Amino acid sequence: MNEHVKGPSAPRTLPRESATFDAYTLSEIRRAAATGIYDIRGAGAKRKLPHFDDLLFLGASMSRYPLEGYREKCGTGVVLGDRFAKKPIELKIPITIAGMSFGSLSGPAKEALGRGASAMGTSTTTGDGGMTPEERGHSTKLVYQYLPSRYGMNPDDLRKADAIEVVVGQGAKPGGGGMLLGQKISPRVAKMRTLPEGIDQRSACRHPDWTGPDDLEIKIEELREITDWEKPIYVKVGAARPYYDTALAVKSGADVVVVDGMQGGTAATQEVFIENVGIPTLAAVHQAVKALQDLGMHRKVQLIVSGGIRNGADVAKALALGADAVAIGTAALVALGDNDPRWDAEYEALGTKAGAYDDWHEGRDPAGITTQDPELMKRLDPEIAGRRLANYLSVMTLEAQTIARACGKSHVHNLEPEDLVALTIEAAAMANVPLAGTNWIPGKTGF
-12 MNEHVKGPSA
-2 PRTLPRESAT
8 FDAYTLSEIR
18 RAAATGIYDI
28 RGAGAKRKLP
38 HFDDLLFLGA
48 SMSRYPLEGY
58 REKCGTGVVL
68 GDRFAKKPIE
78 LKIPITIAGM
88 SFGSLSGPAK
98 EALGRGASAM
108 GTSTTTGDGG
118 MTPEERGHST
128 KLVYQYLPSR
138 YGMNPDDLRK
148 ADAIEVVVGQ
158 GAKPGGGGML
168 LGQKISPRVA
178 KMRTLPEGID
188 QRSACRHPDW
198 TGPDDLEIKI
208 EELREITDWE
218 KPIYVKVGAA
228 RPYYDTALAV
238 KSGADVVVVD
248 GMQGGTAATQ
258 EVFIENVGIP
268 TLAAVHQAVK
278 ALQDLGMHRK
288 VQLIVSGGIR
298 NGADVAKALA
308 LGADAVAIGT
318 AALVALGDND
328 PRWDAEYEAL
338 GTKAGAYDDW
348 HEGRDPAGIT
358 TQDPELMKRL
368 DPEIAGRRLA
378 NYLSVMTLEA
388 QTIARACGKS
398 HVHNLEPEDL
408 VALTIEAAAM
418 ANVPLAGTNW
428 IPGKTGF
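Residue numbering for the sequence shown follows our numbering, starting at -12 and increasing by one per position.
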């Protein structure tokens, strides 16, 4: 009988994780199975999306003449709302602060945003929940958001604002309403919103008194009459069908159109919404600009782009594609101190870590920014946080100027699509610029 000869064991194949059912997906299935509820969070889409990183600038060499950074000026100012408004907004920089509500953010955070924006000569925006005295008092230029909820809305505050933004949709949830959980509805928030304290609130997904662009045109006329035609009227849409939404906003009489891509994420909503509804910011810019160009309204109706703007290069690329300005939300919160590693031990106690914290709706933010907890709010000094925001805005502006000068431009608005190339076929098609090293734009002939 032949005996089995023992030898070294056969090598084992390494475990292979599924690309479809990765570790996060499996954890989410287990969470859903255990709780029976969907996940709510902020911070925008976290999946990998085509973004401004997929574009590069063509700096000046032989065929272009660069500007000397220390001797030749590069302008950054922008006027918003001069189509119909008697008093358009004049900004020193093309970077604004997006709408984030008092209620979602703490009072000190709203004050800090106003301080930082004012120091740089730009505007901030109220968000859903009304106008606080701190925000109005520290914002030299304040945009008042007019949302489906009508929380805190009154004619006096409309008149106190420097512009009015009619919010049709947001990048995190185009077609969906907002939410504010009961733990953030403090006595002051409840009073401003005329809500019961401590009860979850969910906003409507559409405005109660109009259903289309013709009705919106009437509403805009009403807002102009209430404010004596002084205030610019913005219309904000979540990026889904940006060409048609921009065209209809212009038809309705908007002075400014704001297009918010799916990377925009200060609003808390269902994760399935954040990750699967809307289109990337990069894909939305060209479509919105094309609508304005086709109507002969480019630069006459200004375009603000938001959703995932992080640095001066992003600003410059958005402007080169045809935007007049950008708005930042998440980046502004980080500048104030959100997701700071100094609070890492407390983030870990919440089951997350600095850089990944996105449960802003729960009101337990260790940084004191997205909370109504009196003790946590004390951690944020609005003066210091405001200076941090001003520093950040200054750096973004200097970066955008540096790029513009390298492309031979004396104003950041002189940047143009011709200054850009794309690294991927997807980005080339979305931005309507050539693939690097070629003159080919997908969908068009020629190499």
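C-beta atoms are modelled at their ideal positions from N, C-alpha and C, and glycine is treated no differently.
As the structure is a computational prediction, the values presented were derived from the model and not from experiment.
What separation, rounded to the nearest whole angstrom, lies between the Cα atoms of residue i and residue j?
i           : j           : result
residue 429 : residue 246 : 24 Å
residue 84  : residue 78  : 12 Å
residue 415 : residue 307 : 14 Å
residue 209 : residue 259 : 36 Å
residue 431 : residue 55  : 36 Å
residue 104 : residue 1   : 53 Å
residue 48  : residue 392 : 12 Å
residue 58  : residue 388 : 13 Å
residue 367 : residue 406 : 41 Å
residue 81  : residue 60  : 16 Å
residue 355 : residue 364 : 4 Å
residue 353 : residue 341 : 10 Å
residue 33  : residue -5  : 46 Å
residue 243 : residue 311 : 10 Å
residue 179 : residue 361 : 17 Å
residue 119 : residue 112 : 11 Å
residue 155 : residue 135 : 8 Å
residue 14  : residue 333 : 22 Å
residue 24  : residue 382 : 42 Å
residue 69  : residue 18  : 51 Å
Buried or exposed: where does residue i fall if 16 or more other Cβ atoms within 10 Å of its Cβ makes it buried?
i           : result
residue -1  : exposed
residue 110 : buried
residue 417 : buried
residue 419 : buried
residue 11  : exposed
residue 250 : buried
residue -3  : exposed
residue 304 : buried
residue 185 : exposed
residue 346 : buried
residue 421 : buried
residue 425 : exposed
residue 255 : buried
residue 280 : exposed
residue 211 : buried
residue 286 : exposed
With C-beta atoms as the reference, is residue i less than 7 Å away from residue j?
i           : j           : result
residue 274 : residue 229 : yes
residue 317 : residue 253 : yes
residue 237 : residue 203 : no
residue 27  : residue 170 : no
residue 125 : residue 269 : no
residue 224 : residue 232 : yes
residue 241 : residue 272 : no
residue 289 : residue 67  : yes
residue 248 : residue 219 : no
residue 323 : residue 372 : yes
residue 31  : residue 177 : no
residue 88  : residue 115 : yes
residue 299 : residue 53  : no
residue 265 : residue 404 : no
residue 99  : residue 369 : yes
residue 41  : residue 376 : no
residue 151 : residue 133 : yes
residue 408 : residue 36  : no
residue 97  : residue 217 : no
residue 398 : residue 62  : yes
residue 144 : residue 76  : no
residue 291 : residue 315 : no
residue 191 : residue 234 : no
residue 359 : residue 91  : no
residue 189 : residue 164 : yes
Who does residue i pair with in a DSSP beta bridge?
i           : result
residue 289 : 243
residue 150 : 130
residue 220 : 151
residue 28  : 256
residue 39  : None, per the DSSP bridge assignment.
residue 66  : 77
residue 167 : 188
residue 422 : 409
residue 44  : 407
Given the structure, does residue i come close to the ligand FMN, in the sense that its CB is under 6 Å from one of the ligand's heavy atoms?
i           : result
residue 273 : Questions concerning the ligand FMN fall outside what the structure shown contains, since it holds no ligand whatsoever.
- Taking only runs of the alpha helix (DSSP H) that begin and end inside the region 342 to 413, which ones reach a length of at least 4 residues, in chain order? The region 342 to 413 contains, as complete alpha helix (DSSP H) runs of 4+ residues, the segments 361 to 364, 369 to 393 (chain order).
- Query: Enumerated in chain order, which unbroken segments of the beta strand (DSSP E) with a length of 3 residues or greater are wholly contained in the region 72 to 137?
  - Reply: The qualifying runs are 76 to 78, 82 to 84, 129 to 133.
- Could I get the ranges of all uninterrupted beta strand (DSSP E) runs contained in the region 274 to 345, with 3 residues as the minimum, in chain order? Listed in chain order, the complete beta strand (DSSP E) runs (minimum 3 residues) inside the region 274 to 345 are 289 to 293, 312 to 315.
- Item | Those runs of the alpha helix (DSSP H) which lie wholly inside the region 174 to 217 and span at least 4 residues | 174 to 180, 200 to 213
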